[in-house]
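Engineer: All the letters of the sequence shown, read from the start, carry residue numbers 6 to 366 under our numbering. Beta carbons are placed, not taken as given, at the ideal position from N, Cα and C, and that holds for glycine. Only a predicted model underlies this, so the values are computations on that prediction, with no experimental measurement involved. One structure is given below, represented as structure tokens, and several questions about it will come after.
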Amino acid sequence: MLRPLVCLIRKEFLQLRRDRTMLRLVLGLPIMQLIVLSYALNTDLRGVRVSVLDDDRSVDSRSLAEALWQADVFVAGPGLGSTGELAAALQQGDCDLALHVPAGFAADLAAGNRPVIGLHVDGTNSSTGGRAVGYAEAILRGLAAGGATPRTSVRFFYNPELASRLYMVPGVIVMLVTIISAMLTGMAVVREKELGTLEQVQVTPLTALQFVAGKALPFALIALVDTALATAVAMLWFKVPMAGSPAVLLLGMVAYLSVTLGLGLLASVVSETQQQAMFTIWFFLVFAIILSGFFFPVENMPTWAQVLTWANPMRFVMAVIRGVLLRGAGLADVGRDIAVMAAMGLASFTVAVAAYRRSSG
Numbered sequence: 006m007l008r009p010l011v012c013l014i015r016k017e018f019l020q021l022r023r024d025r026t027m028l029r030l031v032l033g034l035p036i037m038q039l040i041v042l043s044y045a046l047n048t049d050l051r052g053v054r055v056s057v058l059d060d061d062r063s064v065d066s067r068s069l070a071e072a073l074w075q076a077d078v079f080v081a082g083p084g085l086g087s088t089g090e091l092a093a094a095l096q097q098g099d100c101d102l103a104l105h106v107p108a109g110f111a112a113d114l115a116a117g118n119r120p121v122i123g124l125h126v127d128g129t130n131s132s133t134g135g136r137a138v139g140y141a142e143a144i145l146r147g148l149a150a151g152g153a154t155p156r157t158s159v160r161f162f163y164n165p166e167l168a169s170r171l172y173m174v175p176g177v178i179v180m181l182v183t184i185i186s187a188m189l190t191g192m193a194v195v196r197e198k199e200l201g202t203l204e205q206v207q208v209t210p211l212t213a214l215q216f217v218a219g220k221a222l223p224f225a226l227i228a229l230v231d232t233a234l235a236t237a238v239a240m241l242w243f244k245v246p247m248a249g250s251p252a253v254l255l256l257g258m259v260a261y262l263s264v265t266l267g268l269g270l271l272a273s274v275v276s277e278t279q280q281q282a283m284f285t286i287w288f289f290l291v292f293a294i295i296l297s298g299f300f301f302p303v304e305n306m307p308t309w310a311q312v313l314t315w316a317n318p319m320r321f322v323m324a325v326i327r328g329v330l331l332r333g334a335g336l337a338d339v340g341r342d343i344a345v346m347a348a349m350g351l352a353s354f355t356v357a358v359a360a361y362r363r364s365s366g
């Protein structure tokens, strides 16, 4: 029973070997995308331009601006001489944040009062603006309090530098592996239809299960190679740690690939052209990425959207890869996620086999 399956797998690898362009794209392009996207999808707050309107002109007021500019987040913007210039600088995009120190600021501090400091922010990008204000308030609050408020000791686990790359790079790996595995299998069967060779395959002793497995296994191996290469680049280039067990990560990725490959084959079986298959895959891929927690935490989504994420395998693999790489999560921690993906993979392959059997019958 294995001989027809082995022959089909060999045929798939021979076709891929003959297509040198596709082979280079499959193995080389994901690494290039990983490097470019990991730098592009950087959410670290840097280079926020701060302009200061100092109506007090005291040592204390100058110390506020210097404290902001000494932080890695902020850089000095153009100087301001009036409230009109402050409004114009924000309107024209010359600064991202404007600090207004009122007259009498130093005197209020000396009298033990809590003077009001004005923070004016460009809210065009609400996320960046809100975070910039949070950073600035933390710095200014500490200075303006004059030691009157208690100090706190804060320690960040797993990502002490709060570097966004450690969070984003594993997500980029998942996205690239998803695209490669789903796209390759999405073209597997429908390409045979367009070339007119599917009928030749159907007259062979291959069963529907053997045919689907023979189409999936070569691309599963390619996807695993891409995963290994991308993970190596993440660790060596972006300094992403491997805090957990590589075996657990491998198990999670195999479970996830069973889903993407099964769904890709299903799209290929039910489509009549490669364009139809690609459109179908891209349509669902957009929703999968948005609802995976790649950009935004699932907990921040509306309740109805959180319910939808339970049908999204990318949500579970995101938890696995980030948990294993960053937190050292073991099988006991991510076992449920892996089990859910394995169940989804079994269901997708079952449906793909049934669809192929019905289409070839």
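In chain order, what residues of the same chain have a beta carbon less than 6 Å from the beta carbon of Arg15, not counting five sequence neighbours either side?
Structural biologist: none
Engineer: I'd like the span of the alpha helix (DSSP H) that includes Arg67, first residue to last.
Structural biologist: Residues 64-75.
Engineer: Can you tell me the Cβ-Cβ gap for Pro35 and Pro210, rounded? I've got them flagged as a contact below 8 Å.
Structural biologist: Actually they do not touch by this definition, with Cβ atoms about 36 Å apart.
Engineer: Using only the alpha-carbon positions, how far apart do Gly52 and Leu256 sit?
Structural biologist: 41 Å
Engineer: Do you know offhand how far Trp242's Cα is from Leu21's?
Structural biologist: If I take the Cα positions, the gap works out to 29 Å.
Engineer: Grab the span of the beta strand (DSSP E) containing Phe79 for me, first residue to last.
Structural biologist: Unbroken beta strand (DSSP E) run through Phe79: 79-81.
Engineer: May I have the straight-line CA-CA distance separating Gln38 from Leu271, to the nearest angstrom?
Structural biologist: 26 Å
Engineer: Taking three-plus beta-carbon pairs below 8 Å as touching, is the stretch 225-238 in contact with the stretch 257-264?
Structural biologist: Result yes; three or more Cβ-Cβ pairs closer than 8 Å.
Engineer: Based on the DSSP output, what are the partners of Val57 in its beta bridges?
Structural biologist: In the DSSP assignment, the residues bridged to Val57 are Leu104.
Engineer: In this structure, what does DSSP give as the bridge partners for Glu124?
Structural biologist: For the record, residue 124 in the displayed sequence is Leu; it is not Glu. For Leu124, which the question treats as bridged, DSSP gives the partners Leu104.
Engineer: Straight-line CA distance for Gly33 to Ile178?
Structural biologist: 14 Å
Engineer: Do we get a CB-CB distance below 8 Å when we pair Arg62 with the residues of chain D?
Structural biologist: Absent here is chain D; the protein component of the structure consists of one chain.
Engineer: Specify, as a first and last residue, the run of the alpha helix (DSSP H) that Ala168 falls within.
Structural biologist: Here Ala168 belongs to no alpha helix (DSSP H), and DSSP marks it neither H nor E.
Engineer: Taking the alpha helix (DSSP H) that Thr232 falls in, what are its first and last residues?
Structural biologist: 213-241 is the span of the alpha helix (DSSP H), which, as asked, contains Thr232.
Engineer: Pairs of beta-carbons, one from the stretch 106-120 and one from the stretch 81-90, closer than 8 Å: are there three or more?
Structural biologist: no
Engineer: Helix or strand or just coil, what does DSSP make of Asp99?
Structural biologist: coil
Engineer: For Gly335, does the three-state DSSP call read helix, strand or coil?
Structural biologist: coil
Engineer: Please identify the residue among Ala357, Thr190, Thr314 whose C-alpha is closest to the C-alpha of Thr212.
Structural biologist: Ala357
Engineer: Report the rounded CA-to-CA distance for Val303 versus Pro175, giving the unit in angstroms.
Structural biologist: 16 Å
Engineer: Quick one: what's got a C-beta closer than 6 Å to Ala187's C-beta in the same chain, skipping five residues either side?
Structural biologist: Thr265, Gly269, Ile286
Engineer: Out of Gly123, Ile144, Glu197, which has the shortest C-alpha to C-alpha gap to Val274?
Structural biologist: Glu197
Engineer: Roughly how many angstroms lie between the CA atoms of Gly298 and Leu331, to the nearest whole one?
Structural biologist: 16 Å
Engineer: For Ser68, count the other beta carbons within 10 Å of its own beta carbon; 16 or more makes it buried, fewer makes it exposed. Which is it?
Structural biologist: Under this definition Ser68 is an exposed residue.
Engineer: Under DSSP, the alpha helix (DSSP H) around Val322 begins and ends at which residues?
Structural biologist: Where Val322 is concerned, the enclosing alpha helix (DSSP H) stretches over 318-327.
Engineer: What number of angstroms, rounded off, separates the C-alpha of Ile295 from the C-alpha of Val208?
Structural biologist: 42 Å
Engineer: Excluding the five sequence neighbours on either side, which residues of its own chain have a C-beta within less than 6 Å of the C-beta of Gly123, listed in chain order?
Structural biologist: His105
Engineer: Write down the C-beta distance between Val322 and Met346 rounded to the nearest angstrom, noting that I regard them as a contact closer than 8 Å.
Structural biologist: 6 Å
Engineer: Among Ala111, Asn164, Ala103, Val80, which has the Cα closest to the Cα of Thr88?
Structural biologist: In terms of CA proximity to Thr88, Ala103 leads the group Ala111, Asn164, Ala103, Val80.
Engineer: Helix, strand or coil: how does DSSP classify Ser365 here?
Structural biologist: helix
Engineer: Closest to Ala359 by CA distance: which of Leu234, Ala344, Phe216, Thr314 is it?
Structural biologist: Phe216
Engineer: For Val121, which residues from the same chain have a beta carbon less than 8 Å from its beta carbon, with the 5 sequence-adjacent residues on both sides left out?
Structural biologist: Pro107
Engineer: Roughly how many angstroms separate the alpha carbons of Val64 and Val80, rounded to a whole number?
Structural biologist: 20 Å
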